[in-house]
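Going from the sequence shown to this note's numbering is simple: count from 1 and add 15.
Here a beta-carbon is modelled for each residue, glycine too, at the ideal position from N, C-alpha and C.
Remarks on the structure that follows.
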Amino acid sequence: MNERANKPATLRLRLTAVAEGIVRGGHPWVFADSVAQANRPGRTGELAVIYDRKDKFLAVGLYDADSPIRVRILHSGKPQMIDAAWWRSHLAAAVARREGLFDENTTGYRLIHGESDGWPGLVLDRYDTTLVLKIYTAAWLPRLDETLALLQGQLPWPRVVLRLSRNIQPLAGQCGYSDGLVLAGDQPPQAVLFRESGLQFEADVLRGQKTGFFLDQRENRRIVESLAAGRRVLNAFSFSGGFSVYAARGGAAAVTDLDISPHALAAAERNFDLNRDIAGVARCRRQSVQADAFEWLAGSREPFDLVVLDPPSMARSAAQREGAVAAYQRLSALGIARLDRGGILAAASCSAHVSAPDFFAAVHRAAAASGRRFSQLQTMQHPLDHPATFKEAEYLKMIYLRFE
Ligand code: SAH
16 MNERANKPAT LRLRLTAVAE GIVRGGHPWV FADSVAQANR PGRTGELAVI YDRKDKFLAV
76 GLYDADSPIR VRILHSGKPQ MIDAAWWRSH LAAAVARREG LFDENTTGYR LIHGESDGWP
136 GLVLDRYDTT LVLKIYTAAW LPRLDETLAL LQGQLPWPRV VLRLSRNIQP LAGQCGYSDG
196 LVLAGDQPPQ AVLFRESGLQ FEADVLRGQK TGFFLDQREN RRIVESLAAG RRVLNAFSFS
256 GGFSVYAARG GAAAVTDLDI SPHALAAAER NFDLNRDIAG VARCRRQSVQ ADAFEWLAGS
316 REPFDLVVLD PPSMARSAAQ REGAVAAYQR LSALGIARLD RGGILAAASC SAHVSAPDFF
376 AAVHRAAAAS GRRFSQLQTM QHPLDHPATF KEAEYLKMIY LRFE
């Protein structure tokens with residue numbers, strides 16, 4: 016039988032009028048209830064071509080039969096064939112957006128940041144010679160072979176590790192994929208070493224949170240370094256201690272890593288030790304505290320001159336927004352209470368459901384309620400290797416306040 020006869024017709028969709036406008040405006044998601052018409056049932060991972068009311072090409076994206084986000088847009092505007100050449104230039108474009116951002120002092124960074132790079136539900140991080148490919152939608156599962164070949168054809172780093180978001184792990188298991196599977200190259204050591212701003216760090220690329228390290232906080236770590244000289248620094252929600260190592264190089268008198276996870280604190284200690292050949296790090300006193308940060312901050316009297324608060328996301332859904340805002344305000348108040356005269360609060364949020372203005376306002380309310388005079392030094396949002404091109408993608412924000 017001829018192959019072509021077996022191949023199903025291209026999946027063609029029409030959307031509700033509202034969704035059509037949203038896609039035309041460049042938004043990368045089409046929700047299940049926005050699909051008004053389909054020429055046949057779709058299969059997860061195949062391309063869906065979206066036509067408008069006048070039967071003109073609107074966009075093409077990845078179909079996902081199992082997700083409320085039914086289509087993730089790859090391309091919209093002029094009609095476009097999504098073929099091997101398109102994928103090659105699509106990868107080249109993501110790589111080109113990072114050109115000139117990093118030199119040999121920074122060998123860990125994000126090469127592809129999902130939707131905002133035109134690769135919906137897919138993240139690619141480089142840690143020295145290891146690539147970590149993390150997927151957040153099952154639509155990539157049938158495409159992994161092709162995607163791996165693409166990466167190997169265009170990028171010079173031989174090892175590729177697959178990471179899977181929790182929600183797609185059962186389905187991935189049925190296709191023979193598991194979280195931490197090495198897709199290419201040899202088995203990595205548990206801790207892959209890389210450089211960031213001339214500092215050495217390890218990342219647990221096989222099991223660690225995200226892809227092993229919080230690459231998105233690099234610019235904030237640099238700011239903390241620039242503010243740290245002579246200060247006693249509390250790094251609350253420290254994870255593997257990135258902020259502390261930078262603070263130490265910046266001349267901090269002492270750093271305290273505070274995290275609920277003993278594994279995170281052990282990694283933080285190793286990361287600190289990896290950099291002991293740097294004068295500031297060698298001179299800096301370091302201690303670890305394993306505790307719930309809210310409880311420890313509420314119970315402690317220890318004074319600090321710089322408090323970093325970088326908690327995990329506090330709102331998993333829009334419904335948790337109010338509670339998250341209240342928690343950020345409470346946490347900020349606890350941090351401010353630990354600050355000595357002239358002390359700095361550096362507070363971050365990574366909740367996409369809490370907007371930057373709402374988060375900054377919550378921290379300001381805590382500052383005002385402290386009764387102390389304070390001034391705002393700076394705010395930060397997304398770094399260039401983690402672009403955010405639509406509202407739902409804007410998760411990261413940080414604010415720096417100095418207190419009298
Ligand atoms: N600042 C880090 C990233 C923080 S990730 C960096 O730049 O790398 C969030 C961390 O908070 C995780 O390590 C997690 O173990 C820790 N954590 C979660 N809940 C906590 C709690 N209630 N108290 C203290 N630490 C907590």
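CA-CA distance, residue i and residue j?
i, j, result
"residue 123", "residue 216", "9 Å"
"residue 153", "residue 227", "21 Å"
"residue 25", "residue 163", "24 Å"
"residue 157", "residue 375", "42 Å"
"residue 187", "residue 193", "7 Å"
"residue 77", "residue 59", "8 Å"
"residue 423", "residue 221", "For residue 423 there is no data in the structure shown, the boundaries of the chain being 16 and 419."
"residue 16", "residue 23", "Low per-residue confidence applies at residue 16: pLDDT is 44, beneath 50, and the placement is therefore not dependable, though the value from the model is reported in the following sentence. Cα-Cα distance, rounded: 14 Å."
"residue 263", "residue 323", "14 Å"
"residue 302", "residue 416", "24 Å"
"residue 209", "residue 337", "38 Å"
"residue 249", "residue 270", "6 Å"
"residue 127", "residue 110", "8 Å"
"residue 91", "residue 67", "12 Å"
"residue 88", "residue 133", "8 Å"
"residue 326", "residue 184", "25 Å"
"residue 223", "residue 177", "12 Å"
"residue 202", "residue 286", "22 Å"
Are the C-beta of residue i and some C-beta of chain C separated by less than 8 Å?
i, result
"residue 35", "This model lacks chain C altogether; it includes just one protein chain."
Please determine whether the Cβ atom of residue i lies at a distance below 7 Å from any heavy atom of the ligand SAH.
i, result
"residue 396", "no"
"residue 203", "no"
"residue 273", "yes"
"residue 287", "no"
"residue 257", "yes"
"residue 303", "no"
"residue 308", "yes"
"residue 347", "no"
"residue 232", "yes"
Look up residue i in the DSSP assignment and say whether it is helix, strand or coil.
i, result
"residue 288", "helix"
"residue 162", "helix"
"residue 480", "This structure leaves residue 480 out entirely; the chain is present only between 16 and 419."
"residue 275", "coil"
"residue 54", "coil"
"residue 418", "strand"
"residue 100", "helix"
"residue 379", "helix"
"residue 168", "helix"
"residue 353", "coil"
"residue 93", "coil"
"residue 205", "coil"
"residue 293", "coil"
"residue 115", "coil"
"residue 131", "helix"
"residue 174", "strand"
"residue 410", "coil"
Just checking my contact of residue i with residue j at CB under 8 Å: how many whole Å lie between their CB atoms?
i, j, result
"residue 103", "residue 400", "That belief does not hold up - the Cβ atoms of residue 103 and residue 400 are roughly 21 Å apart, past 8 Å."
Problem - Three CB pairs or more closer than 8 Å across the stretch 231 to 239 and the stretch 159 to 175 - result: Because the criterion of three Cβ pairs below 8 Å is not met, the stretch 231 to 239 and the stretch 159 to 175 do not touch.
| Inter-stretch contact (C-beta, 8 Å, three-pair minimum) for the stretch 343 to 355 and the stretch 271 to 284 | Inter-segment contact for the stretch 343 to 355 and the stretch 271 to 284 is absent: fewer than three beta-carbon pairs are separated by less than 8 Å.
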